[in-house]
Amino acid sequence: MLKIEDLHVNVGDKKILQGINLEVKPGEVHAMMGPNGSGKSTLANVLSGRDGYEIVKGKISYLKENLLELEPEVRACKGLFLAFQYPVEIPGVSGMNFLRTTLNSIKKYRKQKELDGVNFLKLLRKKAKILKIDEKLIKRSVNTGFSGGEKKRSEILQMSLLEPKLAILDETDSGLDIDALKIVANGVNKLKNKNRSFLIITHYQRLLNHIVPDKVHILSKGRIIKSGDKNLAIELEKKGYEGLV
Amino acid sequence: MKQKLIKDFEIPNKKIETWKFTDLKKVFEKNNFKPFRKSINADLAEPTISSQIPLDISNNIFFNPKINFVIFENGYLQKFNKKSDGLEITTLNDIAKEKLFNKKNFTRNDSLLDINNTFLNEKLIIRVKKNIELKEPISIFYYNSGEEKYLINNRIIIILEENAKAEINEIFLSNNQSSYWNNIHNFIYLKKNSKLNHSTIQLESKYALHSSSSNVDCDNSSIYNGFIFSAGGIMSRIEVISSINSSDINFNIKGLYLAKTNQHHDITTLMQHKHPQSKSNQHIKGILQKESSGVFQGKIIVFQDAQKTDAFQFNQNLLLSEKAEANMKPELEIYADDVKCSHGATTGELDEEMLFYLRSRGLNKNKAKKILIEGFVNELFDSIENKELKEKLLLTSKKIIH
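Here the protein sequences line up with chains D and S, keeping their order. Heads up, the first sequence stops at 367 in the numbering used here, and the numbers go up one at a time, no gaps. Heads up, the second sequence stops at 415 in the numbering used here, and the numbers go up one at a time, no gaps.
Following this line, the structure appears as structure tokens:
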């Protein structure tokens with residue numbers, strides 16, 4: 123699914139990622155943990171195709187293609203999804219139209235049948251219910267005036283509509299209270315299947331109580347310093363980053 | 014007395030403080046627009062008026078033959094249709110009626126109103142009677158078929174009597190190739206408890222010069238909701254001037270200029286708060302493409318007696334090209350101490366974060382841009398109460414942007 127080899131990334135003069143190696147296989151859930159400034163969000167942004175990052179060295183292949191050559195929208199159409207750490211507010215753009223336009227744009231790319239208004243609404247209602255999102259919220263402008271928790275749930279709603287092959291969750295748990303965390307985790311768990319992979323970027327272990335990872339990696343100063351199974355996250359919670367780094 | 018000629022007037026130009034950004038004279042001199050009247054004077058060009066509603070109007074999406082409408086063609090009344098009870102439309106050139114207004118509230122430091130007076134083609138009085146709420150809006154079309162380079166002067170006096178409610182939409186149209194100067198100055202009198210939803214939809218020919226003003230005199234508890242949509246012409250200046258003479262008045266202006274190619278759009282407002290406890294709120298947006306330029310000049314004066322005034326003003330410009338230019342000049346003159354006033358302005362390109370967000374959801378760059386531009390516009394249209402009008406304006410702006 124995803125293979126990262128010796129990835130070095132700079133932002134300006136600053137070396138952020140310094141030799142990342144990672145392989146995510148279909149159906150696997152990987153957790154990427156690390157302290158602030160370790161390069162977690164940089165990794166997510168590079169994978170999604172955001173500007174402002176210089177790839178100094180290394181390769182990323184996604185579904186056997188060179189990911190770095192693809193425009194962000196093509197990555198999305200090919201099934202890569204990033205749940206933003208800070209979802210962007212877009213005033214004046216109705217959430218409903220936005221969701222339908224993106225879904226149909228991706229369906230078109232995948233040569234699937236586009237959804238008309240009625241069928242789209244049916245699908246949306248079903249997905250929104252799982253995430254306990256009020257329809258009124260979706261009718262408003264995209265993310266505009268949403269609370270932190272509403273924004274994160276709205277990201278997961280988009281993810282569940284777009285049915286990605288590889289979903290990257292960038293600190294989706296930050297700013298969520300325990301109830302919202304459970305709702306979000308439940309939404310993610312419902313999407314898990316043998317072909318869909320997840321890369322969950324998080325600071326804390328608590329989300330991983332609800333979404334059980336196959337593999338846990340610890341990122342420090344731009345390198346993966348330790349990998350293991352779910353127990354590594356538990357160990358980390360006990361010892362702290364300082365105990366492991 | 015010798016009749017005045019257009020050359021006797023100083024056409025507004027950059028030397029005049031309020032015209033710093035908009036040089037009307039430059040466009041005027043290039044075109045040498047000629048005033049005309051229905052007159053036997055051979056020096057003046059003769060207007061042409063068709064007997065049927067011009068196709069450019071009957072085919073226009075803003076035209077609806079079933080509602081109240083007024084059509085001016087080349088400055089003269091072509092047809093009007095009065096459906097609603099309690100509505101009066103008269104062409105009486107009765108200057109006395111204008112005494113309703115305290116002209117001092119609307120004095121100008123330029124020649125436009127004098128030009129309008131001197132070369133006035135036709136004047137119309139629209140009156141909505143006491144306690145009448147018009148069920149149908151009134152559409153006023155200013156149509157120019159312009160074979161000649163005419164200067165056209167019209168004036169409409171709109172009176173909403175006590176408790177009257179109305180919607181008036183003014184639409185400026187042309188056959189698309191004509192070159193002319195529309196100089197239109199309207200006076201609106203809102204009596205106690207009346208409410209007017211008023212839009213100015215400027216879709217002049219791409220060669221036209223447009224200067225217009227709505228001078229609004231407000232009584233106690235009246236509501237004015239103005240919407241400006243400026244998209245046509247080579248150069249356009251649309252003004253709204255209020256005189257807020259009493260309390261509990263709610264004065265709102267939303268404005269949008271959509272400038273393309275080398276167009277110049279100017280929206281200039283003057284809010285005169287003369288009495289305590291009224292509100293004014295202005296939100297003007299501009300989208301500027303290619304080598305176009307946009308101007309928003311908004312002046313708020315809060316007189317000494319006008320305590321507890323709320324006056325807000327906000328201007329946002331979206332620059333879609335490196336050569337486009339946005340100028341803004343907010344002015345606050347506040348002589349009362351217990352007031353809430355603010356102004357703000359932003360100018361920039363499309364937001365990179367928003368663009369990336371949309372692209373990361375599978376929309377290509379062009380599509381993402383379109384969605385953001387439409388969003389920028391939508392936000393402003395939300396306040397339009399007439400759903401049908403809102404849809405038509407949305408459609409019109411989509412066509413212009415894409």
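Every residue gets a Cβ at the ideal spot worked out from N, C-alpha and C, and that includes glycine.
(message) Can you list, in chain order, the residues of its chain with a C-beta nearer than 7 Å to that of I29 (chain S)? Leave out the 5 residues immediately preceding and following it.
(response) Numbered from 1 along the second sequence, position 16 holds the residue referred to as residue 29 (chain S). Same-chain partners within the cutoff: N122, D123.
(message) So, at 6 Å on beta carbons, what are the nonlocal neighbours of I262 (chain S) in its own chain, with the 5 sequence-adjacent residues on each side left out?
(response) Here residue 262 (chain S) corresponds to residue number 249 of the second sequence, with the count starting at 1. Cβ within range, chain order: C231, S235, S291.
(message) Using CA atoms only, rank isn't needed, just tell me which of S:A179, S:I84, S:E180, S:K96 is closest to K136 (chain S).
(response) What you label residue 136 (chain S) is simply residue 123 of the second sequence in a count that begins at 1. Ranking the options by Cα distance to K136 (chain S), first place goes to S:I84.
(message) Considering only DSSP beta bridges, list what V315 (chain S) is partnered with.
(response) The residue you call residue 315 (chain S) lines up with position 302 of the second sequence. Residue pairing by DSSP places V315 (chain S) opposite S:H286, S:I347 in a beta bridge.
(request) Look at the Cβ atom of M218 (chain D), then the Cβ atom of V338 (chain D), and state whether they are nearer than 8 Å. (result) By 1-based counting over the first sequence, the position of residue 218 (chain D) is 96. By 1-based counting over the first sequence, the position of residue 338 (chain D) is 216. No; because the gap between Cβ atoms is not below 8 Å, this pair is not in contact.
(message) Quick check on the DSSP output: the beta strand (DSSP E) that includes N195 (chain S) runs from which residue to which?
(response) The residue labelled residue 195 (chain S) in the question sits at position 182 within the second sequence. For N195 (chain S), the enclosing beta strand (DSSP E) starts and ends at 194 to 203.
(request) May I ask you to report which of helix, strand or coil DSSP gives D301 (chain D)? (result) On the first sequence, residue 301 (chain D) is found 179 positions in, with the first residue counted as 1. Three-state DSSP puts D301 (chain D) in a helix.
(request) Any chance you could list the beta strand (DSSP E) runs of at least 3 consecutive residues sitting entirely within the segment 267 to 344 of chain D, in chain order? (result) 288 to 292, 319 to 324, 337 to 342
(message) If contact is defined by three or more beta carbon pairs under 8 Å, each pair taking one atom from either stretch, is the segment 267 to 284 of chain D in contact with the segment 205 to 212 of chain D?
(response) yes
(request) Drop a sphere of 10 angstroms on the beta-carbon of D295 (chain D), count the other beta-carbons inside from all chains shown, and report buried for 16 or more, exposed for fewer. (result) The count along the first sequence starts at 1 and reaches residue 295 (chain D) at position 173. It counts as buried.
(request) Quick one: list the residues of chain D neighbouring F389 (chain S), beta-carbon separation under 7 Å, in chain order. (result) Here residue 389 (chain S) refers to the residue found at position 376 when the second sequence is read from its first residue. Within chain D, the residues near F389 (chain S) are G214.
(request) Can you say whether N228 (chain S) is buried or exposed, counting buried as having 16 or more other CB atoms within 10 angstroms of its CB? (result) Position 215 of the second sequence, counted from the first residue, corresponds to residue 228 (chain S). Classification for N228 (chain S): buried.
(request) State the DSSP-derived secondary structure class of V352 (chain S), mapped to helix, strand or coil. (result) Position 339 of the second sequence, counting from 1, holds the residue named residue 352 (chain S). Coil.
(request) Closer than 8 Å by C-beta to I53 (chain S): which residues in its own chain qualify, once you throw out the five before and the five after it? Chain order, please. (result) As a first step, residue 53 (chain S) is located in the second sequence; it is residue number 40 there, counting from the start. Residue confidence for I53 (chain S) is low, a pLDDT of 43 falling below 50, so the modelled location carries little weight; the figure read from the coordinates is stated next. For I53 (chain S), where only same-chain residues beyond five positions count, there are no Cβ hits under 8 Å.
(message) Suppose the cutoff is 6 Å on Cβ atoms and the five residues either side in sequence are ignored; what does the same chain contact list for D336 (chain D) look like?
(response) If you number the first sequence from 1, residue 336 (chain D) lands on position 214. Only E150, V151 meet the Cβ criterion.
(message) Below 8 Å, how does it come out for the segment 225 to 235 of chain D and the segment 403 to 411 of chain S: are there three or more Cβ pairs, yes or no?
(response) no
(message) Relative to the C-alpha of N311 (chain D), which candidate in D:L298, D:L291, D:L124 has its C-alpha closest?
(response) Reading the first sequence from its first residue, position 189 is the one you call residue 311 (chain D). Out of D:L298, D:L291, D:L124, D:L291 has the C-alpha closest to the C-alpha of N311 (chain D).
(request) Output the distance between the C-alpha atoms of N196 (chain S) and N129 (chain S), rounded to the nearest integer angstrom. (result) Position 183 of the second sequence, counting from 1, holds the residue named residue 196 (chain S). Position 116 of the second sequence, counting from 1, holds the residue named residue 129 (chain S). C-alpha separation (whole angstroms): 7 Å.
(message) I'd like the list of long-range same chain contacts for E23 (chain S), defined as Cβ closer than 6 Å, with 5 residues on each side in sequence excluded.
(response) As a first step, residue 23 (chain S) must be located in the second sequence, where it is residue number 10. Same-chain partners within the cutoff: S124.
(request) Output, in chain order, the set of chain S residues within a Cβ distance shorter than 7 Å of I228 (chain D). (result) Taking the first residue of the first sequence as 1, we reach residue 228 (chain D) at position 106. Residues of chain S passing the Cβ test: G375.
(message) According to DSSP, is T104 (chain S) part of a helix, a strand, or is it coil?
(response) The residue labelled residue 104 (chain S) in the question sits at position 91 within the second sequence. T104 (chain S): coil per DSSP, three-state reduction.
(message) Between which residues of its own chain and L259 (chain D) is the CB-CB distance below 8 Å, once the five residues before and five after are set aside?
(response) Numbered from its first residue, the first sequence carries residue 259 (chain D) at position 137. Closer than 8 Å at the Cβ level, and outside the excluded window around L259 (chain D), lie G217, F268, E272, S276.
(request) For H415 (chain S), I'd like the list of residues in its chain whose CB is within less than 7 Å of its CB, leaving aside the five on either flank, ordered along the chain. (result) If you number the second sequence from 1, residue 415 (chain S) lands on position 402. Correct list, in chain order: K383.
(message) Classify S64 (chain S): buried if its beta carbon has 16 or more other beta carbons within 10 angstroms, exposed otherwise.
(response) The count along the second sequence starts at 1 and reaches residue 64 (chain S) at position 51. It counts as exposed.
(request) Leaving aside the five residues before and after Y163 (chain S) along the sequence, list all residues of the same chain whose C-beta is less than 6 Å from its C-beta, in chain order. (result) Here the question's residue 163 (chain S) lines up with position 150 in the second sequence. Excluding positions up to five away in sequence, the list reads F49, Y193.
(message) Let me confirm a value: I300 (chain D) is counted as buried when at least 16 other C-beta atoms fall within 10 Å, else exposed. Which label applies?
(response) Translated into positions along the first sequence, residue 300 (chain D) becomes position 178. I300 (chain D) is exposed by the Cβ-count criterion.
(message) Quick check on DSSP: helix, strand or coil for S396 (chain S)?
(response) Numbered from its first residue, the second sequence carries residue 396 (chain S) at position 383. Of the three classes helix, strand and coil, the one that applies to S396 (chain S) here is coil, per DSSP.
(request) Give a yes or no on whether the minimum CB-CB distance between L169 (chain D) and chain S is below 8 Å. (result) The residue given as residue 169 (chain D) occupies position 47 in the first sequence. Answer no: the Cβ-Cβ gap between L169 (chain D) and chain S never drops below 8 Å.
(request) With a floor of 3 residues, list each beta strand (DSSP E) that falls wholly inside the segment 62 to 96 of chain S, ordered by position along the chain. (result) 81 to 86, 89 to 94
(message) Can you give me the C-alpha to C-alpha distance between A319 (chain S) and F389 (chain S), rounded to a whole angstrom?
(response) One-based indexing of the second sequence puts residue 319 (chain S) at position 306. One-based indexing of the second sequence puts residue 389 (chain S) at position 376. Their backbone Cα atoms lie some 34 Å apart in a straight line.
(message) Among D:L298, D:E187, D:V131, D:K254, whose alpha-carbon lies nearest the alpha-carbon of V178 (chain D)?
(response) Mapped onto the first sequence, residue 178 (chain D) falls at position 56. Nearest of D:L298, D:E187, D:V131, D:K254 to V178 (chain D), Cα basis: D:V131.
(request) Report the three-state DSSP secondary structure of D230 (chain S) (helix, strand or coil). (result) As a position in the second sequence, residue 230 (chain S) is number 217, starting the count at 1. In the structure shown, D230 (chain S) sits in a strand (DSSP, three-state: E or B).
(request) Spatial neighbours of N226 (chain D) within its chain, please: CB distance less than 6 Å, with the 5 preceding and 5 following residues excluded, ordered by chain position. (result) Reading the first sequence from its first residue, position 104 is the one you call residue 226 (chain D). Excluding positions up to five away in sequence, the list reads E236.
(message) Please tell me whether A198 (chain D) has its Cβ less than 8 Å away from any Cβ of chain S.
(response) On the first sequence, position 76 is the one that residue 198 (chain D) refers to. Taking Cβ atoms only, chain S reaches closer than 8 Å to A198 (chain D), which makes this a yes.
(message) By DSSP's criteria, V131 (chain D) is part of a beta bridge. Which residues make up the other side?
(response) Residue numbering aside, residue 131 (chain D) sits at position 9 when the first sequence is read from its first letter. Paired residues: D:L139, D:I177.
(request) Give a yes or no on whether the C-beta atoms belonging to L301 (chain S) and N330 (chain S) are separated by under 8 Å. (result) Within the second sequence, numbered from 1, the residue matching residue 301 (chain S) stands at position 288. Within the second sequence, numbered from 1, the residue matching residue 330 (chain S) stands at position 317. Yes, they are a contact pair.
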